[in-house]
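Here the structure is laid out as C-alpha cells; the discussion comes afterwards.
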Amino acid sequence: MPTPPSSDLKAIVLIPAAGSGRRMGTAISKQYLQLHGKPLLAHTIALFDQHPLVEAIYPIVPEDDSDYCRREILDKYRFTRVRRLVTGGKERQDSVRNGLKALAEDGYDQPERPILIHDGARPLFNPNLLPALLDDISAGGACIVAVPAKDTIKQVIQGQIVASPLRDQLWQAQTPQGFRFDILHKAFQQQDCNSVPATDDAALVAAAGYRVRVLAGEDRNIKITTPADLLIATALLDSYQEKSA
Ligand code: CTP
Ligand code: MG
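Per my numbering, the very first residue in the sequence shown carries number 3; after that it's consecutive.
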C-alpha cells in the first residue's frame, strides 16, 4: 500500500518520563506525584489520549517502574492510545532514542510521519495547539512550542556574566517538539557520531543542519521541576476548574 500524504499521517507521541526528579527532591519520582488527585504522568498522557490527530503514545519510564506504571497509570486511567511502555535511558536523549527505536519497530517509521516528543513533566500543555503544530511540522519538517523569555537571560561562566543576549530574541523552549520521522532519525544518527550536549531534541535537529520553526505557546505549559512548580500547577488547574464550573 502506498504511504499516504503527510497530512494523512497521525502523530506518534513519545513521552519521556524516565528521569529521577533530582531537583524536585521528593522520595517518590516527580512523574508520579499527585496533582489534583491524579499522578502527574497520567495528566500528561491524558492530553493526547483522546486527540483525533494522535495515533499512538509511548510513555518512556525507568525499567524498575514499568509494573507500577502499567497498574497505577495505564490500567487505572484506561488510556486507549498507549501502544506500549518503553524503558528509558541514562540521559533524556537516551530515553528519546529508545522511544524512537520502539516506534520504528512498530512500523511507524514512514519518513513523513510526525513524531511529537513531550516531557512527562509538562501536564498543562494545551492540546488545542496540536493542529497548528502538526501543520508546521508538515510544512517545514520540524517545529517546537516556545514562549518569549520574560526575564533577561545572562550567560554566566564561573560566576561572571560573559554575555547578555537581547531579550527580544530569546525564547524559552517548551515541548511538544515535533519532527518528521526521517529528520529526527537523522539527527539521532548524527548525535551518535558527534555527541552534541543538548537538553532538548530541537538542539540535536538544528545541529544536524535542519531548520526548526517555533510556534508561540502558552505560559501555562510549565515543566514541573521544583516544589514551587507543583504549587503553580495546582493553582492553574484550580483556576481552570473554576472557569468550567
Ligand atoms: N527524562 C527521561 N530520561 C532521563 C532524564 C529525563 O525520560 N534519563 C524525562 C523526565 O522524566 C522529564 C523530562 O525528561 O519528564 C524532562 O526532564 P527533567 O525535567 O530534567 O526531569 P528529571 O531529569 O527527572 O529531573 P532532574 O533533572 O531534576 O533530575
Ligand atoms: Mg533532568
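Just so you know, even glycine gets a beta-carbon here, dropped at the ideal spot from N, CA and C.
In the DSSP annotation of this structure, the continuous segment of the alpha helix (DSSP H) that includes Q243 starts and ends at P229 to S246.
In the structure shown, Y60 adopts extended strand secondary structure according to DSSP, grouped into three states. The three-state secondary structure of T46, taken from DSSP, is helix. Here L233 is exposed. Its C-beta has fewer than 16 other C-beta atoms within 10 Å. Annotated as proximal: L217 and C145, with beta-carbon spacing under 9 angstroms. DSSP, read as helix, strand or coil, puts F181 in strand. Looking at the DSSP output, C145 sits in a beta bridge with G180 and R215. Shown here for R213: same chain residues with a beta carbon closer than 8 angstroms to its own, the five before and five after excluded, namely G142, G143 and A144 in chain order. At a threshold of 8 angstroms, P229 does not count as near the ligand CTP, since its beta carbon sits no closer than that to any of the ligand's heavy atoms. Of all alpha-carbon atoms in Q36, F181 and K92, the one lying nearest the alpha-carbon of H120 is that of F181. With a cut-off of 8 angstroms, the C-beta of G122 is classified as distant from the ligand MG, since no heavy atom of the ligand falls inside that distance. In this structure, L118 is the residue among L118, L37, I14 and D77 with its C-alpha nearest to the C-alpha of D202. Exclusion of the five residues before and after L49 leaves F127 and P129 as the residues of its chain whose Cβ lies within less than 7 angstroms of its Cβ. Comparing alpha-carbon positions, the option among R85, L11 and S166 lying closest to Q157 turns out to be S166. Within the stretch 101 to 136, complete beta strand (DSSP E) segments of at least 3 residues are found at 116 to 119, given in chain order.
Remark: C-beta atoms of Q95 and Q193 approach each other more closely than 9 angstroms. Secondary structure of L186 (DSSP, three-state): helix. In the three-state DSSP reduction, L76 falls in the helix class (H, G or I).
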